[in-house]
Amino acid sequence: MALSSKGLAYLVVAYAFIGLALMLREPLLTAFVIPNAILLLFSSRVPSVRAPTLSIARRMHPPHSFGGEDVDVIVKVTNDSTQKIEDVRLEDHLPDSLAVKAGAKATRIFMSPHETAEFWYRISAPARGRYVLGPVSYRTTDAMGFHGFRGEINGLDDVIVFPEIQKLGPIELRARRVGPWPGLVPSRKIGPGTEFFELRTYAPGDDLRSINWKASAKSGRLISNEFEGEHVTDVLVVLDCSEGSISRLFDPDVVELEISLAASLCAQLIHQGNRVGLSVYGAVRDLVYPAFGKRQLLRLLNSLTIVTPGRASISLEYCSEPLIVYAAPARSVIVFISPLMNDETVSVITNLAARGYGVMVLTPAVISEAAGMAESMLLAKRILSLERRIRLKDVHRVANVLEFSTQTNIRRALRRWRPSTRI
Amino acid sequence: METIDTYLSHALTRWNLVRASIFAFLALTFSITAVSFPAGLTLIAVIWLGPGIAFGFAALMKGDWLWGRAAIIVAGLMLFMSVLMRAASGSILQSLPILLLAYVMTMFGAEALALACEHHGIHSTDTHAQWFPYSVPMQRKSLEHLIKRISILGAILAVCFVLTTVVVFLGDVFAAALPAVSSISVYIVVVSISFALLLALRED
Chain H
713 MALSSKGLAY
723 LVVAYAFIGL
733 ALMLREPLLT
743 AFVIPNAILL
753 LFSSRVPSVR
763 APTLSIARRM
773 HPPHSFGGED
783 VDVIVKVTND
793 STQKIEDVRL
803 EDHLPDSLAV
813 KAGAKATRIF
823 MSPHETAEFW
833 YRISAPARGR
843 YVLGPVSYRT
853 TDAMGFHGFR
863 GEINGLDDVI
873 VFPEIQKLGP
883 IELRARRVGP
893 WPGLVPSRKI
903 GPGTEFFELR
913 TYAPGDDLRS
923 INWKASAKSG
933 RLISNEFEGE
943 HVTDVLVVLD
953 CSEGSISRLF
963 DPDVVELEIS
973 LAASLCAQLI
983 HQGNRVGLSV
993 YGAVRDLVYP
1003 AFGKRQLLRL
1013 LNSLTIVTPG
1023 RASISLEYCS
1033 EPLIVYAAPA
1043 RSVIVFISPL
1053 MNDETVSVIT
1063 NLAARGYGVM
1073 VLTPAVISEA
1083 AGMAESMLLA
1093 KRILSLERRI
1103 RLKDVHRVAN
1113 VLEFSTQTNI
1123 RRALRRWRPS
1133 TRI
Chain U
2 METIDTYLSH
12 ALTRWNLVRA
22 SIFAFLALTF
32 SITAVSFPAG
42 LTLIAVIWLG
52 PGIAFGFAAL
62 MKGDWLWGRA
72 AIIVAGLMLF
82 MSVLMRAASG
92 SILQSLPILL
102 LAYVMTMFGA
112 EALALACEHH
122 GIHSTDTHAQ
132 WFPYSVPMQR
142 KSLEHLIKRI
152 SILGAILAVC
162 FVLTTVVVFL
172 GDVFAAALPA
182 VSSISVYIVV
192 VSISFALLLA
202 LRED
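As structure tokens, then:
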């Protein structure tokens, strides 16, 4: 145990009085040293402080945040030893980007053996991402506070803030390939569904509700309606967050909007019963193979949580295209969310369309404001914008394209938007 | 059976009482230090008195140790000036008991203020906006611990004062009876410091 700064201060005061006594040649001044000496003596005679044996458990509420909401953290401390803990100062370590809005992340604890204590703090609406809480540091001192030591209790927990999910409503997809399970995607084949497909002669066993009475009256024999079967399909959402996303052509929040859109699409497509996968391309690359269900949605959201825009180390054409082809079954739907800032992306989209995939492209719209921009920057922006327009035209030939901005009501835009039969 | 609300209101009352006691003690410390000044310089002491008490009050109200430090620095400076002036005027022997009392009280005031600031977060009503960050048992234990520490410190520092006065008194007795050991108190001090130092700096 090292002498604490307080103990050192008491020693310094004692020596200051000795020095003063020597300087002024006044031996009585040394009398002031006696209290300090007694205190130091007392401090050294009391039983030495031991490192506390504590365990930490955190509880987060909500356990999974979707952004824009505060997160409450309850820290449960248990004294695992048979010793009584008199006074230990605990402090939970948070990343710098998190701010405590209420409660306290530091406390003092006084615990009996095997007792449990709790303290609580509220983190102010963290942005999307994964944050590590902990470890908890402790500081304990002797009765006088002259000796003490510090340590850390291992116990790390994650605060996961998923991207914001918007309710998009039913998404109309056209797919060349559908699965055997019932869903919402027209299959171009006769089957259970809601859309009229053709008429045929009534066959015994047909549902009476399927009889088309008007056609039957005209033809003089019973005619049944046939419907277009609706099934699920496989969808791979490709999120391109490479450096182009952070171009000044777009709104600064466009990356978050792209991520939120990807999360909302994944949630809605999973909700519609489809098999959904995700490929992320940016400073962080990730691939989630298509699957069904709520657990898959959690996997997709986890992947979107760690998305970081920036330069990718490997080109899209080289790494993502083979992976997309590997992950997505032939002729399934690929939803490409990309700013379309380089020819390589267009080439990948064209190649995928040529391989028979149905490609939908969601791309951010260019913002028109140029206030306060230098002439050269304005010119550069105009050139980039024109280049992007040419790329958009190329993409339009092979895929369905929807432009969106931070002002766009995505839900309304998707409802109005009808994918062409090219898919 | 005591409800949580009743308990919390009682705990708050006890906490306020502890703070009020510390404040009263601080005010007394500053007053005694002011009294220890030579008669002609009491005005200077009175000028220092105001800021010192104000800093102490702010520290207790806000639980901010920065204000506490300011109050302790003011008290320390006042004491230092008083000691220097008494030593320069050669009247240190007559005023030694009161100077020692002021010194010990300043040390106790500093300790009590530091403890109050450390425990402020647990009892502060600012943090209780929507939900208590600390459980009722934690608050109770904190208060018990605070009172216990202050009592122990008070007792130790009282013993310090008594022992020091006895040492000084014995030194005077020895000096009168046997002039050769007139500086016996100095020896005692030096030996005790060396002993304390050795123990304090030991590494486990």
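Chains H and U are the protein sequences, given in the same order. Each residue of the first sequence is one higher than the last, beginning at 713 in the numbering used here. Each residue of the second sequence is one higher than the last, beginning at 2 in the numbering used here. Positions of the beta carbon are idealized from the N, C-alpha and C atoms, including for glycine. Quick caveat, the model's predicted, so the values are computed rather than measured.
Residue i classed as buried or exposed, judged by whether at least 16 other C-beta atoms fall within 10 angstroms
i	result
U/HIS11	exposed
H/TYR993	buried
U/TRP16	buried
H/SER756	buried
U/LEU18	exposed
H/MET1089	exposed
H/GLY857	buried
H/ARG1134	Any reading at H/ARG1134 must be qualified, since the residue scores a pLDDT of 47, below 50, and its modelled position is unreliable; the value itself is stated next. Exposed is the call here.
H/GLU1087	exposed
H/SER957	buried
H/GLU907	exposed
H/HIS826	exposed
H/SER1033	The sequence given here places Glu at residue 1033 of chain H; Ser does not occur at that position. So H/GLU1033 ends up on the buried side.
H/ILE1102	exposed
Chain U contact residues for residue i, given Cβ-Cβ distances below 7 Å
i	result
H/GLU738	ALA88 and ILE93
H/GLU830	SER136
H/ASP799	HIS146
Chain H contact residues for residue i, given Cβ-Cβ distances below 9 Å
i	result
U/GLY122	ALA816, ALA818, THR819 and ARG820
U/LEU101	ALA743, PHE744, ILE746 and PRO747
U/CYS118	Per Cβ cutoff of 9 Å: no residues; U/CYS118 is ~12 Å from chain H at best.
CB of residue i within 8 Å of CB of residue j, strictly
i	j	result
H/THR1075	H/LEU1052	yes
U/LEU61	U/PHE24	yes
H/GLN878	H/ARG1067	no
H/ARG862	U/GLU119	no
H/ASP671	H/THR1118	The first residue shown for chain H is 713 and the last is 1135, placing residue 671 of chain H beyond what the model contains.
U/ALA111	U/TRP66	no
H/LYS788	H/ARG801	no
H/LEU880	H/LEU977	yes
H/ALA1065	H/VAL1113	no
H/GLU970	H/LEU948	no
H/SER849	H/GLU803	yes
H/SER1027	H/GLU1056	yes
H/PRO904	H/PRO894	yes
H/GLN980	H/ILE883	yes
H/ILE746	U/VAL168	yes
H/ILE872	H/ARG842	yes
H/LEU691	H/THR790	Beyond the ends of chain H as shown, which are 713 and 1135, falls residue 691 of chain H; an answer cannot be given.
H/SER793	H/PRO764	yes
U/LEU101	U/THR165	yes
U/ILE157	H/LEU751	yes
Per-residue contacts from residue i into chain H (C-beta, under 8 Å)
i	result
U/ILE73	None at all; the shortest Cβ gap to chain H is about 10 Å.
U/TYR104	PHE744 and PRO747
U/VAL19	In chain order: nothing, as chain H lies at least about 15 Å away.
U/VAL174	What U/VAL174 touches in chain H: nothing, since even the nearest Cβ is about 14 Å away.
U/VAL169	LEU740 and ALA743
Integer-rounded CB distance, given that residue j should sit under 8 Å from residue i
i	j	result
H/PRO875	H/SER972	5 Å
H/ASP870	H/VAL890	That belief does not hold up - the Cβ atoms of H/ASP870 and H/VAL890 are roughly 38 Å apart, past 8 Å.
H/VAL1078	H/ILE1046	Actually they are not in contact, since the Cβ atoms of H/VAL1078 and H/ILE1046 sit about 23 Å apart, beyond 8 Å.
H/ARG912	H/GLU942	With 8 Å as the limit, H/ARG912 and H/GLU942 do not qualify as a contact, their Cβ atoms being about 19 Å apart.
H/GLY846	H/THR853	The Cβ separation is near 23 Å, so there is no contact.
H/ARG840	H/GLU968	7 Å
H/ALA1039	H/SER1080	Not confirmed; about 37 Å, so no contact.
7 Å Cβ cut-off: residues of chain H touching residue i
i	result
U/LYS142	PHE822
U/LEU164	ILE746 and ILE750
U/MET108	PRO747
U/MET62	The contacting residues do not exist; U/MET62 stays about 18 Å from chain H at best.
U/LEU97	LEU740 and ALA743
Distance cut-off 7 Å: residue i Cβ against heavy atoms of the ligand MN
i	result
U/ALA12	As for the ligand MN, it is missing from this structure, which has no ligand bound.
Per-residue contacts from residue i into chain U (C-beta, under 9 Å)
i	result
H/PHE909	Near H/PHE909 there are no residues of chain U at all, since even the closest Cβ is about 59 Å away, more than 9 Å.
Closer than 8 Å at the beta carbon, the chain U residues around residue i
i	result
H/ALA855	ARG150 and ILE153
H/PHE754	ILE157
Notebook entry, point to check: Curious, which full-length alpha helix (DSSP H) runs of at least 4 residues does the segment 931 to 1003 of chain H contain?
Noted result: 966 to 983
Checklist line | Every unbroken alpha helix (DSSP H) inside the segment 740 to 802 of chain H [4 residues or more] | finding: 745 to 757
Check: Can you give, in chain order, each stretch of the beta strand (DSSP E) that sits fully within the segment 1092 to 1117 of chain H and has at least 3 residues?
Finding: 1112 to 1116
Notebook entry, point to check: Enumerated in chain order, which unbroken segments of the beta strand (DSSP E) with a length of 3 residues or greater are wholly contained in the segment 869 to 912 of chain H?
Noted result: 869 to 873 and 894 to 902
Next item on the list: At 4 residues or longer, and completely inside the segment 62 to 144 of chain U: list those alpha helix (DSSP H) runs for me, N to C.
Entry: 66 to 90 and 93 to 124
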